[in-house]
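S.K.:
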Amino acid sequence: MWNCPYSNNYFARYAEDFDNKDDSPSFSLLSKAALVHGITIVGGSMPERRNHQLHNTCCVFGPDGNLKAKHSKMHMFDIYSPGDISFKESDTFTAGDEPTIVDTDVGRIGIGICHDIRFPELAMLYRERGAHLICFPGAFNLSTGEALWELEQRARQFTSKSRAADNQLHVATCSPSRDSTGSYMIWGHSTVVGPSGEVIATSSHEETIVIAEIDYSTIPQQRKILPLEDQRRGDLYRLVDVHEQNP
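If you use the numbering used here, the sequence shown corresponds to residues 171 to 417, in order.
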């Protein structure tokens with residue numbers, strides 16, 4: 171979340187109605203940036219005011235500046251660790267109920283937000299729907315960042331990594347930089363990971379721009395080398411796409 175402090179005390183104050191141009195300066199800023207530069211933008215996440223509820227929402231804009239898709243965070247970050255961190259996102263936000271995958275000029279992209287990365291079924295669903303890349307904007311803190319952020323983005327390779335290698339696609343995670351004077355200490359470490367779990371580009375906790383070249387041809391190459399999809403035991407277990415069953 172980039173347009174407000176990460177705190178239940180601020181979400182409602184900074185929330186925007188994306189359908190109202192007069193009440194959505196952050197939304198309009200991203201739309202204009204996509205249009206001016208002729209690029210696709212996966213715009214982090216912002217508090218959205220919709221139907222008398224608040225959602226943690228990521229917007230995707232095309233090179234024409236138009237909204238192509240938006241994803242509302244599906245899994246609320248509720249944590250209680252005595253002596254460390256206590257936070258209940260569900261006190262303020264309403265969980266989204268729709269996985270989001272969007273066709274863009276830079277490939278088919280699945281979207282998740284922060285804690286969504288902890289649930290492998292979502293990434294598996296995006297693979298089934300043909301995603302080349304999954305983008306996870308997030309704001310893990312010092313307590314959960316090292317243990318979860320890097321663990322989950324790199325792939326269940328050697329039982330300790332995650333989302334990229336177990337689905338053999340690309341994963342990009344984007345985090346705010348750390349403000350040492352703030353009340354919420356961001357872990358940072360934005361990273362791009364390839365389909366075999368290799369780190370293509372990464373950063374520290376400081377403000378920077380991460381630039382990476384993603385070659386989608388490595389996806390079928392990796393899947394040919396290690397055909398996980400052919401090796402899955404569909405006779406014993408399977409992923410159920412609820413939205414496909416109940417369109």
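Even for Gly, the Cβ is constructed at its ideal location relative to N, Cα and C. This one's a predicted model, so the numbers in the text were calculated from it and none came from an experiment.
What is the DSSP secondary structure of isoleucine 389, counted as helix, strand or coil?
M.R.: Along the sequence shown, one-based indexing puts residue 389 at 219. Helix.
S.K.: So for glycine 195, helix, strand or coil by DSSP?
M.R.: Residue 195 sits at position 25 when you count from the first residue of the sequence shown. A small fix is needed here, since residue 195 is proline in this sequence, not glycine. Residue state, collapsed to three classes: helix.
S.K.: How close, in whole Å, do the beta carbons of phenylalanine 263 and isoleucine 283 come, if the pair is a contact with beta carbons under 8 Å?
M.R.: What you label residue 263 is simply residue 93 of the sequence shown in a count that begins at 1. What you label residue 283 is simply residue 113 of the sequence shown in a count that begins at 1. Not really, about 10 Å apart at Cβ, beyond 8 Å.
S.K.: From arginine 408 to proline 290, what does the alpha carbon distance come to, in whole angstroms?
M.R.: Along the sequence shown, one-based indexing puts residue 408 at 238. Along the sequence shown, one-based indexing puts residue 290 at 120. For arginine 408 and proline 290, the distance between alpha carbons rounds to 13 Å.
S.K.: Could you check the C-alpha separation between phenylalanine 257 and serine 177 for me, to the nearest Å?
M.R.: Looking up residue 257 in the sequence shown gives position 87. Looking up residue 177 in the sequence shown gives position 7. Approximately 9 Å, taken between the alpha carbons.
S.K.: Would glutamate 218 be called buried (16 or more neighbouring beta carbons within 10 Å of its own) or exposed?
M.R.: Looking up residue 218 in the sequence shown gives position 48. So glutamate 218 counts as buried.
S.K.: Kindly give me the distance between the Cβ atoms of glycine 214 and methionine 171, rounded to whole angstroms, as I take these residues to be in contact under 8 Å.
M.R.: Numbered from 1 along the sequence shown, position 44 holds the residue referred to as residue 214. Numbered from 1 along the sequence shown, position 1 holds the residue referred to as residue 171. Their Cβ separation, rounded to whole angstroms, is 7 Å, which keeps glycine 214 and methionine 171 in contact under 8 Å.
S.K.: Out of Val230, Asp248, Asp349, Asp261, which has the shortest C-alpha to C-alpha gap to histidine 241?
M.R.: Locating residue 241 in the sequence shown gives position 71, counting from the first residue. If we check each option's Cα against that of histidine 241, Val230 comes out closest.
S.K.: Under 8 Å, do aspartate 286 and leucine 295 count as touching if we go by C-beta distance?
M.R.: Translated into the one-based positions of the sequence shown, residue 286 becomes position 116. Translated into the one-based positions of the sequence shown, residue 295 becomes position 125. Not a contact, by the Cβ cut-off of 8 Å.
S.K.: From the DSSP output, in three-state form, read off cysteine 174 for me.
M.R.: Along the sequence shown, read from residue 1 onward, the residue named residue 174 stands at position 4. Coil.
S.K.: Would you mind reading off the limits of the alpha helix (DSSP H) that contains proline 307?
M.R.: As a first step, residue 307 must be located in the sequence shown, where it is residue number 137. For proline 307, no alpha helix (DSSP H) segment is defined; the enclosing uninterrupted segment is the beta strand (DSSP E) at 303-307.
S.K.: Nearest to serine 374 by alpha carbon, out of Arg288, Asp385, Thr343, Gly358?
M.R.: Stepping through the sequence shown from its first residue, residue 374 is reached at position 204. If we check each option's Cα against that of serine 374, Gly358 comes out closest.
S.K.: For tyrosine 180, which residues of its own chain have a beta-carbon under 7 Å away from its beta-carbon, when the five flanking residues on both sides are left out?
M.R.: Working through the sequence shown from its first residue, we reach residue 180 at position 10. Cβ neighbours of tyrosine 180 beyond the five flanking positions: Cys174.
S.K.: Among residues of its own chain, excluding the 5 on either side of glycine 364, which ones have a beta-carbon nearer than 7 Å to its beta-carbon?
M.R.: Translated into positions along the sequence shown, residue 364 becomes position 194. Cβ within range, chain order: Ala334, His340, Ile370, Thr388.
S.K.: How is histidine 359 classed by DSSP in three states: helix, strand or coil?
M.R.: Against the sequence shown, residue 359 aligns to sequence position 189. Histidine 359: coil per DSSP, three-state reduction.
S.K.: Helix, strand or coil for leucine 224? Go by DSSP, reduced to three states.
M.R.: As a first step, residue 224 is located in the sequence shown; it is residue number 54 there, counting from the start. In the structure shown, leucine 224 sits in a strand (DSSP, three-state: E or B).
S.K.: Using the rule of at least 16 other Cβ atoms within 10 Å of the residue's Cβ for burial, across every protein chain shown, is serine 196 buried or exposed?
M.R.: On the sequence shown, residue 196 is found 26 positions in, with the first residue counted as 1. Using a 10 angstroms sphere on the CB of serine 196, the tally of other CB atoms reaches 16 or more, which defines it as buried.
S.K.: Go ahead and pull the three-state DSSP assignment for leucine 237.
M.R.: Here residue 237 refers to the residue found at position 67 when the sequence shown is read from its first residue. In this structure, leucine 237 counts as strand in the three-state DSSP scheme.
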